[in-house]
Amino acid sequence: MASSRKRPQSDEENETSTDEEDYVPYIPIKQRKKMELQQIKKRLIIQEEDSVSDGETRKETAKERLLKEEQKILESVAESKALKGVAELAKGIEYKDPIKTGWRPPRHIMSRPESSHEKLRKMWHILVEGNNLPPPIKSFREMKFPKAIINALKKKGIDKPTPIQIQGIPTVLSGRDMIGIAFTGSGKTLVFTLPLIMFCLEQEKRLPFTNNEGPFGLIICPSRELARQTHSIIQYFVDHLKADGFPALRPCLLIGGVTMKEQLDLIKRGVHIVVATPGRLMLMLDRKMITLDVCRYLCLDEADRMIDMGFEEDVRTIFSYFKAQRQTLLFSATMPKKIQNFARSALVQPVTINVGRAGAASLDVIQDVEYVKQEAKMVYILECLQKTPPPVLIFAEKKQDVDAIHEYLLLKGVEAVAIHGGKDQDERIRSVEQFRNAEKDVLVATDVASKGLDFPDIQHVINYDMPEDIENYVHRIGRTGRCGKTGMATTFVNKTVEESVLLDLKHLLIEARQNVPPFLASMQADTETYLEIGGEVGCSYCGGLGHRIANCPKLEAMQTKQAQNIGRRDYLAHNSADW
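Under our numbering, the residue at position 279 of the sequence shown is numbered 453, and the numbers go up by one with no gaps.
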């Protein structure tokens, strides 16, 4: 009996030991990716040591192999569908030649050799890609704008075009499709608004727009505030043209949070230009309240934000409403290569104009990054407000944080207003106007105020928290240091911020020749020696400088989102089948 009892015990022990050997502990995704990256590096180094003796050649071989690995990742996430309308994709319609316009550069500029144009581009740090490039032009007068436009520009203190305008405006006037990338505050808005006004003026002079006709041009913006600002700029120039005896042009603003009646009344009279946010535009197109039958000009402002992270389907839907070829323009301060390559599928012989690196911060902004504990951030805001005179812009990620900061500042006697997506449209308009007219000293906002908005003479931008995306950081601090003026940006960081974002921030500060605080300087990425490969710096997917595509947090978030959507679709399909 004793021996028979011992025997089962030894079997159990054997089973337990086997189970322990088979047990694999759970390792989080980030850690697994880190381990995979380290294994790839080790494997590459071992292979090189076996095959190559020369040190310099060994280093180059490692980079080449890492590039191949990255190319596979980029190809696996590349968009398979072109960014075109449904009808164009279905019928296989492909436009070969750009739209023709009646504008020509002055003869004395056309007669100059290409080397002269290249010299001018080099002087202004303008990088251009494309065929049959239009020449850069150094003055608005030589661009053939009427006196009314030139006088209107002078009233705003604009005498000469900026680098993006020197090359961009002639490109758009020539009818070419374009991708425009330049740092925030560089004057991108005038590149697409002034040519559009001239095209509409030409159409109105030939054959006046009648009831329910139009628009000829469409500008799409990611936020209501940016759309309102763009519309007011167009209205400013239209009013000056009308006062000088030119035909009256009718721009229309289509944004959510506003009743449709006023918008429809204007559309019924016939409109030349529509500035819209995607939601309201798609609603009105779907209900056939507006058509794009005669529209020949499309501009996507802050294009990467609309194309990126799943918005391309909305853009494709809007493209489907066009009845003929259009001139398409894409503009942003941040546009990674992945987005540029995808966007090119919508363009015909595009010209890519780049002033500075895509996603680079403006050198006119002094960036100050400070380590502040979570509980001390609110109190420290008051100390930061002492650094510069008003106006000051404070950014926070969450709506509740915006409300809390706003309430705290009001209690401390600071003249402040706040905007975020949860507030009604009238309150948002009132807050922005009060801040713009210097009636209030501080504006507290979420990222609805970070894209493209132009406030006069912002002295200081305070980031209450570091955004999850380095692109948003670039847009935020770009609200100051605009049009050649200097500004200051203070950012609060602490241990709640992701390491990958901090590494991107560190390398962005180094690139902009800013002071790097010791706690950031001491941070070291596993891929630090491989951040620049084959002329590409940082990540080819999101443009971040502190990592490569193999451990890109934005790509990881996108893949997680896609996986969740697949699961949700399966769940919904299962439930609908039960019903």
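Using N, Cα and C, we set each Cβ at its ideal position, and we do this for glycine too.
Integer Cβ distance of Thr526 from Glu303, believed to fall under 8 Å:
4 Å
Euclidean distance between Cα positions of Lys321 and Leu370:
17 Å
Could you have a look at Ala322 and say whether DSSP puts it in helix, strand or coil?
Three-state DSSP puts Ala322 in a helix.
Ile632 beta carbon less than 8 Å from that of Thr654:
yes
Return the CA-CA distance between Leu627 and Glu399, expressed in angstroms with no decimal places.
7 Å
Could you tell me if Ala381 is buried or exposed, where buried requires 16 or more neighbouring beta carbons within 10 angstroms of its beta carbon?
Strictly speaking, residue 381 in this sequence is Leu, with Ala absent from that position. That one is exposed.
Own chain partners of Gly349 with C-beta closer than 7 Å, once the 5 adjacent residues on each side are dropped:
Pro272, Ile273, Lys274, Thr275, Gln501
Residues bridged to Ile394 by DSSP?
Ala450, Leu474, per the DSSP bridge assignment.
Can you tell me the Cα-Cα spacing of Met552 and Ile579, whole angstroms?
If I take the Cα positions, the gap works out to 7 Å.
Spell out the partners DSSP gives Gln541 in its beta bridges.
Ala663
Under the assumption that Gly652 contacts Ala417 (Cβ atoms under 8 Å), give the Cβ distance between them as a whole number of angstroms.
Not confirmed; about 33 Å, so no contact.
Mind checking who Gln501 pairs with in its DSSP beta bridge?
Tyr471
Using alpha carbons as the reference points, say which of Asn305, Lys330, Ile323 lies closest to Thr345.
Asn305
Alpha carbon to alpha carbon, how far is Tyr554 from Cys726?
32 Å
DSSP on Glu262, reduced to helix/strand/coil?
helix
Of the residues Leu719, Ile203, Lys669, which one's Cα is nearest the Cα of Lys680?
Leu719
Quick check: Leu682 and Ile636, are their CB atoms within less than 8 Å of each other?
no
In terms of DSSP beta bridges, what is Val529 paired with?
Ile300, Ala356
Is Met483 helix, strand or coil by DSSP?
Reliability fails at Met483, whose pLDDT of 47 lies under 50, so the model's placement of it is uncertain and the value that follows must be treated cautiously. Coil, per DSSP.
CB contact flag (Leu364, Met317, <8 Å)
no
Neighbourhood of Tyr647 by C-beta distance below 6 Å, restricted to the same chain and skipping five residues each side:
If we look at Tyr647 and ignore the five residues flanking it on each side, its Cβ neighbours are Pro641.
Would you kindly check if the distance between the Cβ of Ala592 and the Cβ of Asp575 is under 8 Å?
no
By how many angstroms is the C-alpha of Asp538 removed from the C-alpha of Ala686?
In this structure, the alpha-carbon of Ala686 lies about 9 Å from that of Asp538.
Among Met372, Gln688, Met697, Met463, which residue has its Cα nearest to the Cα of Ser674?
Met697
Less than 8 Å between the beta carbons of Leu455 and Leu428, yes or no?
yes
Measure the CB-CB distance between Lys625 and Phe505 and report whether it falls below 8 Å.
no
Which runs of the beta strand (DSSP E) at least 3 residues long sit entirely within the region 579-605? Give them in chain order.
590-593
Classify Arg461: buried if its beta carbon has 16 or more other beta carbons within 10 angstroms, exposed otherwise.
When all chains shown are included, Arg461 counts as exposed.
Please classify Asp678: is it buried, with 16 or more other beta-carbons within 10 angstroms of its beta-carbon, or exposed?
buried
Identify, in the order they occur along the chain, each residue of the same chain with its Cβ nearer than 6 Å to the Cβ of Val260, setting aside the five sequence neighbours on each side.
Ser494
State the start and end residues of the unbroken alpha helix (DSSP H) segment that holds Ala695.
That run of the alpha helix (DSSP H) goes 692-695.
Could I get the ranges of all uninterrupted alpha helix (DSSP H) runs contained in the region 395-444, with 4 residues as the minimum, in chain order?
398-417, 434-442
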